[in-house]
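**Q** In the numbering used here, each residue carries its 1-based index in the sequence shown increased by 4.
Below: one structure in structure tokens.
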Amino acid sequence: MAELEFVHLGFGPDYVEYTEAWDEQRRVHAARFADETGDTCLLLEHQPVYTAGRRTADSERPLDGTPVVDVDRGGKITWHGPGQLVGYPIMKLPRPVDVVAHVRRLEEALIRTAADFGLETTRVEGRSGVWVLGDPVEERPLIGSLSLDLDPRLHDDEFDPRLNGPEYAPSNAGQRREDRKLAAIGIRVAKGVTMHGFSLNVNPDNTWFDRIVPCGIRDAGVTSLSYELGREITVAEVVPVAEKHLRDVLENADLRPRAAEGAAGV
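Written as structure tokens, this is what we have:
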């Protein structure tokens, strides 16, 4: 692939308003489709904002009427804001477009980024993004003096973690030793060109996530590099490391279509 260009739209204190970045994505997307520019990755920090992908349910949105920007990416609701590195790779993919492979490449770059800071992360089957795995269920602390076998998040369809305080708050998943998401990924591919992308929690105030059901997942939570490593890490420190791995993974990707399952070799 051709060289990937990185464009910095703004970092603290020059946080970028979400719709301003979305407009810039669409402008670059149109230029990339027309081959007026090359593959480009926009990097930034947002002003605080909730954004909802197309599959977001009403029961996952803020209860207090906080505004949510509905967007045309995949996935569900999440939060963006200070302390979080957001990246929007706008790249032309060959046809037939392999969306899953693109998501896996972004995950790989972020897994490598976390590793450079000393944090081991992984994927979780059926859940996109980059995760820190929790302890085995039998070794986790009890929640509200209840056995984890009776965790209402798993067995009560009407249970709402947004109404049940810090015991079930997504930001406290580390204290509960549960699986917790370090980086979220939500993309869209239009006319063979990608947009939207990833958010990597570096040192944000993760209590913003407690007002929603992040990514629609009720039995896990969120975390950050700073929390997991027990030391302060800044977005400025992470940017060059993330660029290095994004460049390495995305520029050297094998973009040949995956063989259909069950196809015989010749």
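No residue lacks a Cβ here, since even glycine has one placed at the ideal position from N, Cα and C.
The model shown is predicted, which means the values in this text are computed figures rather than measured ones.
Restricting to runs no shorter than 4 residues, where is the alpha helix (DSSP H) found entirely within the segment 80-121?
**A** 103-120
**Q** Look at the Cβ atom of ALA187, then the Cβ atom of GLY133, and state whether they are nearer than 8 Å.
**A** yes
**Q** If you follow the beta strand (DSSP E) that HIS12 is part of, which residue opens it and which one closes it?
**A** 9-14
**Q** Take VAL101 and list the residues in its own chain whose beta-carbon comes closer than 7 Å to its own, dropping the five residues that flank it on each side.
**A** VAL193, GLY196
**Q** Under a three-way DSSP split, which group does GLY201 fall into?
**A** strand
**Q** CA-CA distance, PHE15 and HIS50?
**A** 8 Å
**Q** Confirm, please, whether the CB-CB distance from GLY91 to LEU123 is below 8 Å.
**A** Between LEU123 and GLY91, the C-beta gap is not smaller than 8 Å, which leaves the two residues out of contact.
**Q** Run the CB neighbour count on LEU67, radius 10 Å, all protein chains shown included, and call it buried at 16 or more, exposed below.
**A** exposed
**Q** Let me know if ASN256 comes out buried or exposed under the rule of 16 or more other beta-carbons within 10 Å of its beta-carbon.
**A** exposed
**Q** Over the uninterrupted beta strand (DSSP E) stretch that includes VAL134, give me the two end residues.
**A** 131-136
**Q** Here's a check: name, in chain order, each residue in its chain whose Cβ is nearer than 6 Å to the Cβ of GLY220, leaving out the five neighbours to either side.
**A** GLU64, LYS80
**Q** Between the C-alpha atoms of SER203 and LEU8, what's the straight-line distance to the nearest angstrom?
**A** 18 Å
**Q** Please report the residue range of the beta strand (DSSP E) in which ALA56 lies.
**A** 53-56
**Q** Nearest by alpha-carbon distance to VAL243: which of ARG30, ARG108, ALA118 is it?
**A** ALA118
**Q** Taking one C-beta from the segment 29-49 and one from the segment 84-99 each time, how about it: are there three or more such pairs within less than 8 Å?
**A** yes
**Q** For THR211, which three-state DSSP category applies?
**A** helix
**Q** Closest by CA to GLU182, which one among GLY225, ASP214, VAL53, VAL217?
**A** GLY225
**Q** Taking the alpha carbon of THR44 as the point to measure from, which residue in GLU236, HIS249, VAL11, TRP212 has its own alpha carbon closest?
**A** It is VAL11.
**Q** Buried or exposed: VAL270, going by 16 or more other Cβ atoms within 10 Å of its Cβ?
**A** Per-residue confidence for VAL270 stands at a pLDDT of 28, beneath the threshold of 50, marking its modelled position as unreliable; no derived number is given.
**Q** What three-state label does DSSP hand LYS248 in the structure shown?
**A** helix
**Q** Helix or strand or just coil, what does DSSP make of ASP27?
**A** helix
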